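Protein sequences appear in the order of chains Y and E.
When you line the first sequence up against my numbering, it's residues -8 to 403, in that order.
When you line the second sequence up against my numbering, it's residues 19 to 147, in that order.
All C-beta atoms, glycine included, are put in the ideal place defined by N, C-alpha and C.
These numbers come from a predicted model, not from an experiment.
Written below as structure tokens is the structure these notes are about.
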Amino acid sequence: MALVGVILLMLVLIIIAQAMIMLTRREARVEVEGRLKDIALYVADAGVEKAIHNINNDNFQPNFSFQHVGEETGGKMGEADVSVTQDGRIYTINSTGYIPSQAEAEASRSINAVVEVSPGLPEFAAMVGGMSSFAANIEVEGVVFSNEPISIETNVTFVPDEKGNVGIYCADGSVLSIDIGTNFDFDPENEATGVREILARGGINNSHRIPDGVNWKEYDDSDKTDPIDDTQILDANAMINSPDTYVNHDFGGDVTVDENGRATFETNTDIHLNGGTYYYPGGVEFNSNVTLVGDGNIVAGGPDEGSDDHHAIEINSNVKGDGKVNFVSAGGDWKDNIDININSNVDPHGVIQCPGDASISSFVEINGIVAVNGNLDAASNVAFHYEDDIFDAPLVDGSADAGVEMISWREM
Amino acid sequence: MDNNRNKGVTYVEILIAVIIIAYISLVFGQMFVTNNFLLVQTTNQSRAYNWAADTMEELKSMHYPQLQAGLWTDMSGNDKYLGENTQFTRYLNVIQVEPGLKEVEVIVGWDELGEDREVRIVSYVADYS
């Protein structure tokens, strides 16, 4: 009887013990599965980031499988299956991460992300609403667009910009849409990795000077040669009306403002812009040898402003500086309809923008974007280098900055 | 006589009971060892994963240019975490996959009863600008 009692007691204990073992193992298995699911979430997030990268680089793909998550570092971790839908500037991204692969998934998790894309700066070294004149020995690094005819004189060279693009687009429909001078060098080293083309809505004079291998076309009707209504990039009004903008700031006496409200940056001075935006309604003139230190925006003029003797922005010789500075004319009726006049040996880094004409003298090197809604007249030995790394300024489309903004991110 | 025979237990019964108790003790002992091992393993994995996930979130919150490509030996002056009876070590690796896109890897490794174990998390970070 005692033996039977002991056996029964032991059986009960065995059952309890086995139940506890099973419970513990189950907990451990759930823990491992939970970890795999957590790792799958990061793989799904990798798919979201890849989709954002594609969108931000004009490589929109509605559906793609991202099979190589982790391969660059320590070996494949998983796969992400991504779908993207677009509604204007809003993109909805659905990404599911699988561990270790979609075919043999041990764990998976999904993410829904919504992003808004603000258009970046246009990829033009020069964007001109009127006529464009490029004198001898000019070098252009990037793409030029002009609504009206483009005149290119001798020894003009076009090379690809940092994004690998080189091109000339003209929206003018006349027989002399683009006139090419002698010794025309267009991507002579064949370095373009993006576009490498010359398109005109009208005729191209001396087209035989275009090197072999360049995609060129006369009487083009693609959207690349559609006229641009307004070439302005930066929102001058937003800068003028910002409470953070300094108006007629004198930089401690280094800038004088006359009775007509016209400011003059004095010769041989170092001006510390300190990341500010400075507005001079009556126009602004930089005397020779002014050094601009630090980044900033210079805005001048306005619809009701103007002068028969001056330009909205006049930059004299040897105005230099390492800072990124945008020079923006806000309009007005200025001397010879020239809003911005840049004299020799100036090397601005930023956007040069005006609603009227712009005149650029010899040996000026522009690293940025020239956005002229009137005519552009560039003298010999000027260099245009496309650069989109400019100082922050509000864009005309209302966005404060170009790029991608995450609106929402949630797990599905 | 018969009443006397029915009282008490025989040596055989005691022997059988001892064998059963020994067997059960063995099962219970094994259960405790297994449970303890699983407990240590799960605890280590949780700690390692949490540290890796915290690190990944910290990396992803950085501005893209700050996320320098290369093998990071240290991020915040502390690349080792001393847990109870266990030492975790963290490795960070950032690879530029293409311009504007980086692969980020976080590994937290530890020694468990003489065996090397690790938790690895991988994700990507894109340049939003």
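- Within the same chain, Cβ atoms closer than 6 Å to the Cβ of E:N111 are found at L89 and E123, the five residues on either side in sequence being excluded.
- Beta-bridge partners assigned by DSSP to Y:D324: Y:G297.
- Looking at the backbone, the Cα of E:A87 and that of Y:E114 are separated by about 27 Å.
- Counting along the chain, the unbroken beta strand (DSSP E) around Y:G267 starts and ends at G267 to Y271.
- In chain order, K67 and M68 place their CB closer than 6 Å to the CB of Y:G61, counting only its own chain and leaving out the 5 sequence neighbours on each side.
- The Cβ of E:A40 sits no closer than 8 Å to any Cβ of chain Y.
- Proximity of the stretch 68 to 83 of chain E to the stretch 123 to 132 of chain E meets the contact definition, three or more beta-carbon pairs being nearer than 8 Å.
- Counting only runs that start and end inside the stretch 9 to 96 of chain Y, the beta strand (DSSP E) elements of at least 3 residues fall at 54 to 60, 69 to 78 and 81 to 90.
- Contact residues of the stretch 99 to 117 of chain Y toward chain E are V106 and G111 (C-beta to C-beta distance below 9 Å).
- For Y:R100, the beta-bridge partners assigned by DSSP are Y:G88.
- Contact residues of the stretch 130 to 145 of chain E toward chain Y are V137, R138, I139, V140, S141, Y142, V143, A144 and D145 (C-beta to C-beta distance below 8 Å).
- Under the 8 Å criterion on CB atoms, Y:I171 is classed as non-interfacial with respect to chain E.
- Within its own chain, the residues whose Cβ lies closer than 6 Å to the Cβ of Y:D152, once the five positions on either side in sequence are excluded, are E132, G133 and Y377, listed in chain order.
- A direct Cα-to-Cα measurement between Y:S86 and Y:I398 gives close to 16 Å.
- Residue state for Y:H340 is assigned as strand, using DSSP reduced to three classes.
- For E:Q48, the three-state secondary structure derived from DSSP is helix.
- The continuous stretches of beta strand (DSSP E) do not include Y:M122, and DSSP gives it neither H nor E.
- Taking the beta carbon of Y:H44 as reference, the chain E residues within 7 Å of it are G118, L119 and A144, listed in sequence order.
- With its beta carbon at least 8 Å from every one in chain E, Y:T83 lies outside the interface.
- Exposed is the label assigned to E:Y82, since fewer than 16 other Cβ atoms lie within 10 Å of its Cβ.
- A check of alpha carbon separations from Y:G273 across Y:S279, Y:F318 and Y:N239 identifies Y:N239 as the nearest.
- In the same chain as Y:D299, and ignoring 5 residues on each side of it, the C-beta atoms closer than 8 Å to its own belong to K326, in chain order.
- Within the same chain, and ignoring the five residues on either side of Y:K28 in sequence, the residues whose Cβ sits closer than 7 Å to its Cβ are A98 and R100.
- Beta-bridge pairing by DSSP links Y:H376 to Y:E132 and Y:N358.
- Look at Y:R253 here: in three-state DSSP terms it is coil, with no helix or strand label.
- Around the CB of Y:Q344, 16 or more other CB atoms lie within 10 Å, so the residue is classed as buried.
- When the five nearest sequence neighbours on each side are left out, the beta carbons in the same chain lying within less than 7 Å of the beta carbon of Y:V39 are those of I84, S86, I102 and A104, in order along the chain.
- Interface residue (Cβ-Cβ distance to chain Y less than 8 Å): E:I37 is not classified as such.
- Taking the Cα positions, E:W128 is about 28 Å away from E:V115.
- Between Y:V75 and Y:Y82, the C-beta spacing is below 8 Å.
- Shortest Cα-Cα distance from Y:G111 to any of Y:D220, Y:A37, Y:I224 and Y:F55 involves Y:I224.
- For the set Y:E396, Y:D348 and Y:N334, the Cα lying nearest the Cα of Y:N372 is the one of Y:N334.
- With fewer than 16 other Cβ atoms inside 10 Å of its own Cβ, Y:F51 counts as exposed.
- Y:V119 sits away from Y:G158, with the two beta carbons spaced by 8 Å or more.
- Residues of chain E whose Cβ lies closer than 8 Å to the Cβ of Y:E40 are, in chain order, L119, S141, Y142, V143 and A144.
- Excluding five sequence positions before and after Y:A229, the CB atoms of its chain that fall closer than 7 Å to its own CB belong to P385, given in chain order.
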